[in-house]
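Protein chains: 2
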Amino acid sequence: MRLNVQSDYALRLLMHLAVRDGELVTIAEVAERFQVSKNHLMKIASLLAREGYIDAARGRSGGLKLAKPAKQVRVGDVVRCMEADFAIVECFQEGNSQCLIMPCCKLQRVLGEAVEAFLAILDRYSLDDLVRRNPDLRLLLGKEAA
Amino acid sequence: MRLNVQSDYALRLLMHLAVRDGELVTIAEVAERFQVSKNHLMKIASLLAREGYIDAARGRSGGLKLAKPAKQVRVGDVVRCMEADFAIVECFQEGNSQCLIMPCCKLQRVLGEAVEAFLAILDRYSLDDLVRRNPDLRLLLGKEAA
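Right, dumping it as structure tokens:
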């Protein structure tokens, strides 16, 4: 069971920006530090900007920064934003399930409860929880380390 | 975020056998009722038999039945059996992650906690919980419905 790679990279990017606390960080730097595809990050940054998580400034002195305080960014909301769906099994795909036992299936309720428990944990944590009091993280993602 | 299709089909197959309570059910019947691939089910049944969830009797009067009481089959254990892994993001893949911030990443712990919460819900329920006091399920999967 996996989150998609967009969720993974979005969270890394947001942690990077949170550590840099308002300073503009280029996608090129995030791509370089994490050794991930710049094109991939551009699409993720585009969605995060559209959803109000980050601000993107274009141009030669451009870059990304958080659009709201790290304390206001819940990990659960980022994951909901980046995941295509939480259609944990087929019958959760709206209008796309033929499963015979849907009308009376208790498993569907159990799996729904499990997904809610998963997200409830992620909702307890903010981006600030991931980066504060984490000096090693600041060493790895800070400007000085470039 | 999804479970793989093997987990989905394995749980359907086990519910089918649980409803039939010791009577041999053929893969062909499960495939027919759920409109899923017989070959796919055969591989799933093979793994479930290997892991001690079902007994498979070969031959003309053959078929499948539960190898242990439905009350002793936890949904969580079936999912653990059928999922390739719970490598929710890259750094959970043993020996296969290059993520720069692994040594000091708090997100890894948060995601691990979320996965444990997911499985803890599934561990609360047995196969028996899914099928008992469910007359509609018995109508849909019972022998008479064939």
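From first to last, the protein sequence lines are chains H and E.
The C-terminal residue of the first sequence carries number 145 in numbering that gives the first Met the number 0, and the numbering is unbroken.
The C-terminal residue of the second sequence carries number 145 in numbering that gives the first Met the number 0, and the numbering is unbroken.
Here a beta-carbon is modelled for each residue, glycine too, at the ideal position from N, C-alpha and C.
Starting from the C-beta of residue i, find all residues in its chain whose C-beta is less than 6 Å away, skip the five residues before and the five after it, and write them out in chain order.
i	result
A145(E)	Confidence is the limiting factor: at A145(E) the pLDDT is only 49, short of 50, which leaves the residue's position unreliable, though a coordinate-based value still follows. Answer for A145(E): no residue qualifies.
L140(H)	H15, V18
Q92(H)	A86
S96(H)	E89, C90
Quick one, which of the options has its alpha-carbon nearest residue i's?
i	options	result
S36(E)	A48(E), R11(E), E82(E)	R11(E)
C103(E)	R19(H), E115(H), R132(H), V24(H)	R132(H)
S6(E)	Q107(E), F85(E), E115(E)	F85(E)
G21(E)	L65(E), E50(E), G141(E)	L65(E)
P134(H)	G58(E), R49(E), I100(E), G94(E)	I100(E)
Assuming residue i and residue j form a contact by the criterion Cβ under 8 Å, report the distance between their Cβ atoms to the nearest whole angstrom.
i	j	result
L126(H)	V88(H)	No, L126(H) and V88(H) are not in contact; Cβ-Cβ is about 30 Å, not under 8 Å.
V77(H)	L13(H)	6 Å
F33(E)	C98(H)	7 Å
So if DSSP puts residue i in a beta bridge, which residue, or which two residues, is it bridged to?
i	result
A56(H)	G62(H)
V24(E)	L63(E)
R73(E)	S125(E)
R148(E)	Within the shown structure, residues of chain E are numbered from 0 to 145, placing residue 148(E) beyond reach of any answer.
Inspect the beta-carbon positions of residue i and residue j and report whether they are closer than 8 Å.
i	j	result
L16(E)	M0(H)	no
I26(E)	L63(E)	yes
A55(E)	A44(E)	yes
Y8(E)	V109(H)	no
G75(H)	D128(H)	no
A116(E)	F117(H)	yes
V29(H)	L47(H)	no
L23(H)	G61(H)	yes
Between which residues of its own chain and residue i is the CB-CB distance below 7 Å, once the five residues before and five after are set aside?
i	result
V130(H)	M14, A17, V18, A69, L136
I53(H)	L16, A44, L47, L63, K64, L65, A66
V4(H)	none
V114(H)	F85, I87
Which same chain residues, not among the five before or five after residue i, have their C-beta less than 8 Å away from its C-beta?
i	result
G51(H)	A66, K67
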